[in-house]
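Visitor:
Protein chains in written order, with the working numbering: chain A, 20 to 356; chain B, 1040 to 1515.
#1: Anything in chain A within Cβ reach of residue 1448 of chain B, meaning under 7 Å, just list it in chain order.
#2: Cα-Cα, which of B:1158, B:1179 and B:1159 is closest to residue 1168 of chain B?
#3: Taking a contact to mean a Cβ-Cβ separation below 7 Å, would you say residue 161 of chain A touches residue 179 of chain A in this structure?
#4: Of all Cβ atoms in chain A, is any one closer than 7 Å to the Cβ of residue 1453 of chain B?
#5: Which of helix, strand or coil does DSSP assign to residue 303 of chain A?
#6: Listed in chain order, which residues of the segment 171-192 of chain A have Cβ atoms closer than 7 Å to some Cβ of chain B?
#7: Would you mind telling me which residues of chain B sit closer than 7 Å to residue 270 of chain A, beta carbon to beta carbon, in chain order?
#8: Looking only at C-alpha atoms, which of B:1480, B:1105 and B:1299 sits nearest to residue 1273 of chain B?
#9: Should residue 145 of chain A and residue 125 of chain A be called a contact, given that it needs their Cβ atoms to be closer than 7 Å?
#10: State yes or no: is the beta carbon of residue 1110 of chain B nearer than 7 Å to at least one beta carbon in chain A?
#11: With distances taken from CA atoms, which of B:1286, B:1481 and B:1488 is nearest residue 1109 of chain B?
#12: Put residue 1419 of chain B into one of helix, strand or coil per three-state DSSP.
#13: Roughly how many whole angstroms lie between the Cα atoms of residue 1114 of chain B and residue 1435 of chain B?
#14: Using beta-carbon positions only, say whether residue 1072 of chain B and residue 1467 of chain B come within less than 7 Å of one another.
#15: Could you compute how far the alpha carbon of residue 1462 of chain B sits from the alpha carbon of residue 1438 of chain B?
#16: Do residue 96 of chain A and residue 338 of chain A have their C-beta atoms closer together than 7 Å?
#17: Under 7 Å between beta-carbons, which chain B residues line up against residue 105 of chain A? List them in chain order, please.
#18: My parser needs the alpha helix (DSSP H) runs of 4 or more residues fully inside the segment 1126-1181 of chain B; what are they?
#19: Measure from the C-beta of residue 1278 of chain B to each C-beta in chain A and report whether the shortest distance is under 7 Å.
#20: Verify the CB distance criterion: does residue 1490 of chain B have a CB-CB separation below 7 Å to chain A?
#21: Starting from residue 222 of chain A, trace the alpha helix (DSSP H) in both directions and tell me its first and last residue.
#22: Pull the bridge partners of residue 1219 of chain B from the DSSP assignment, please.
#23: Note down, in chain order, every chain B residue with its Cβ under 8 Å from the Cβ of residue 204 of chain A.
#24: I want to see whether chain B comes within less than 7 Å of residue 125 of chain A, judged by CB atoms only; does it?
#25: Using only the alpha-carbon positions, how far apart do residue 1416 of chain B and residue 1401 of chain B sit?
#26: For residue 1153 of chain B, count the other beta carbons within 10 Å of its own beta carbon; 16 or more makes it buried, fewer makes it exposed. Which is it?
#27: For residue 83 of chain A, decide whether its Cβ has a neighbour in chain B, counting only Cβ atoms nearer than 7 Å.
#28: Can a CB atom of chain B be found closer than 7 Å to the CB of residue 20 of chain A?
#29: Quick one, are the C-beta atoms of residue 1420 of chain B and residue 1255 of chain B less than 7 Å apart?
#30: Using the beta-carbon of each residue, which ones in chain A are nearer than 9 Å to residue 1143 of chain B?
#31: Whole angstroms is fine: what's the gap from residue 172 of chain A's alpha carbon to residue 1057 of chain B's?
#32: Judging by CA-CA distance, which residue of A:118, A:305 and A:31 is the nearest neighbour of residue 92 of chain A?
#33: Residue 1453 of chain B and residue 106 of chain A: beta carbons closer than 7 Å?
#34: Hey, how far is the Cα of residue 278 of chain A from the Cα of residue 201 of chain A?
#35: Find the nearest neighbour of residue 1374 of chain B within the set B:1354, B:1304, B:1393 and B:1162, judged by alpha-carbon distance.
#36: Which residues in the same chain have their Cβ closer than 8 Å to the Cβ of residue 1144 of chain B, if we skip the five residues on either side of it in sequence?
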């Protein structure tokens, strides 16, 4: 037991927790942009777009805090891993950063612009960047998971992210974001009693779930050939989580008409989150390929403890503040209705 | 291109890794962009609280309107700052992998703390804006306090990281690796105190003078109602109080730099050889170990540094030639320092003018020249902020972490950075332009509908009712 519950492992778990939160909550934001992009012309897509904006507006971009958290914990606690990833996967990382700039600008400006043309331009920027950003993050995850980042960094600038596992990661990331967002939007539409929009997003949630499922099954074959360690570990220690994900995903689809919005959200989060946890379990105890373990990559003990203290302080300060914001938001909505 | 710059260019191309110049330019540009947004998170939020306090205490509708509008400006600029700040955290890794890879265990700690403050500020800006119509006045007022405090905390954390690069402390190196860290010594390094207070006051000056300038322009155009006068006085008073304090703190900081960062001080004074009776040179350039042009005040630098003409100041000759800052960088540091000090005293004069009139008559100076100068004071304050930042950053060169890591060793070897830099310039120009256009659009709409506030901002609730946004929202 004591060799699992080491300080480096706990910090790695905290780091991975950040990845998980960014994937599900940031994913919902990105997915909103996906449905905005495919909602069709200005007139036809007006109502779904308005719902998307209503649903994700309040927390839009706040979720990048998780990304900043991941970067900071990684460069402090696992600095050699950070520089190895940065010097290898610099192309998709730069492109993802570009996407974040565009999305963030869309966020800052779209609600203030008044003319339709301006809104359309910033809306298009927002929608396109919402799709390319998770795609590049997916390719980065694929490059890391398939062991293509050397410990000393400076790995291949092209094949580290243009390879079967990375492409699989990118496509899955986009689909998964679309799926979570559609599930969240079903719940939003129901709460606002917008029956037609509920049906609209139910159809799309089904489509996204089917596509993600089909790609995942094909992905198993891809991983067997391209990332054998990930493949065997996903079907070994990671298997319970893979199964949990499938169960949650199917349950969400089966209960989509009957379950309460909260249950639907939880099932969607469970379906996506458990796959990501499965990846983490499969990766453990390595950080990069089979050549750099958590223990070997970790910073001196005092730094690791400092990171833990900061993380605990963050949780203690941030959770009640977020709760207060949420209460106010709900109160506002009650007034609105 | 002057011959001096041409020489520098050739020298850089011959001796430096090709990535160094674009990486430095890009980092300087994006940081220089971001630093302008910092004062709004730190100090505009404080100014907004002052107006809010006045609104409740004196039942002042005009102050209330100002506080509400300033909170929305703060939200827009915070959203833009969040984006440019996220980009900076990518850049630290993409441009300077050796800095992060080797020194992350020490250098990263202040950033981890900054993360908490950033998160809290984002949440409480949203709470404050949501709370305008949803909380009772006093509880709402107090939700603004965490915004101000976390703005200060976040700035202090980032300045701690910067100060650590100037005077690194709290770690032990063995075999090129950081093997032991004392987190508190990393944060509270020897440069932390003076850099932090200097930056705080700079933030109050920039935000105060810039915001006051907006209303000064309004008054010059004949809008001299109470809304404009109060909108001018609150931020200007904050900046006018910060300015004399800043002169004192700046003076102390300069002596601390003399004491603890002698190479930077030598660059500020363009001093090639260690000596006493060092003159204070105003203007001028440093070329080939000599000072050319400029106005010399005999013994000035020695007196300022140690209150006596006999004060010995270390020159650049104390540094081995290969570790000396390049001459054109010495000139840049020196001129930036002069610009900062010059603007500081100009703003001190303007503040004194305001203080005198207020003390005598409880009103603004009558001269239109006061308003004209106030209209540009904010821009001058921004220039001083950038100049001060150039002094501390360029003055550290050729080091990234003084004594431990040269900038040329910190830089990445990967990617075509000129292309990245070009793209960055274009995008930031677009974001900067959009920010200004958006703020102007808000201003126009506020002027048009002076009775009610109907501008939706990031982090805030929608002002437009749901039924209008989604037709049929009430249908079952």
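Here a beta-carbon is modelled for each residue, glycine too, at the ideal position from N, C-alpha and C.
It should be emphasised that the depicted structure is a prediction, and the values quoted were computed from it without experimental measurement.
Guide: Quick look at the numbers:
#1: Against chain A, a Cβ distance below 7 Å from residue 1448 of chain B picks out nothing, because the smallest value is about 13 Å.
#2: B:1179
#3: no
#4: Look at residue 1453 of chain B: its C-beta is under 7 Å from a C-beta on chain A.
#5: coil
#6: 172, 173 and 176
#7: Those within 7 Å of residue 270 of chain A in chain B number zero; the least Cβ separation is about 27 Å.
#8: B:1105
#9: yes
#10: no
#11: B:1481
#12: helix
#13: 34 Å
#14: yes
#15: When only Cα atoms are considered, residue 1462 of chain B and residue 1438 of chain B end up about 27 Å apart.
#16: No, the pair does not count as a contact, with Cβ atoms beyond the cut-off.
#17: 1132, 1133 and 1136
#18: Considered as a whole, the segment 1126-1181 of chain B harbours 1136-1170 as its complete alpha helix (DSSP H) runs of no fewer than 4 residues, in chain order.
#19: Contacts with chain A at 7 Å (Cβ-Cβ) do not include residue 1278 of chain B.
#20: Note that residue 1490 of chain B scores 47 on pLDDT, short of 50, meaning its location in the model is unreliable and no value can be drawn from it.
#21: 214-245
#22: B:1211
#23: In chain order: nothing, as chain B lies at least about 12 Å away.
#24: no
#25: 21 Å
#26: buried
#27: yes
#28: With a pLDDT of 49 at residue 20 of chain A, under the threshold of 50, the predicted position of this residue should be treated as unreliable, though the coordinate-derived value follows. No, its Cβ sits nowhere closer than 7 Å to a Cβ of chain B.
#29: no
#30: Those within 9 Å of residue 1143 of chain B in chain A are 93, 94, 95, 96, 97, 98, 99, 101, 102, 318 and 322.
#31: Between the alpha carbons of residue 172 of chain A and residue 1057 of chain B lies a gap of roughly 19 Å.
#32: A:31
#33: yes
#34: Residue 278 of chain A and residue 201 of chain A have their C-alpha atoms spaced approximately 15 Å apart.
#35: B:1304
#36: 1210, 1217 and 1220
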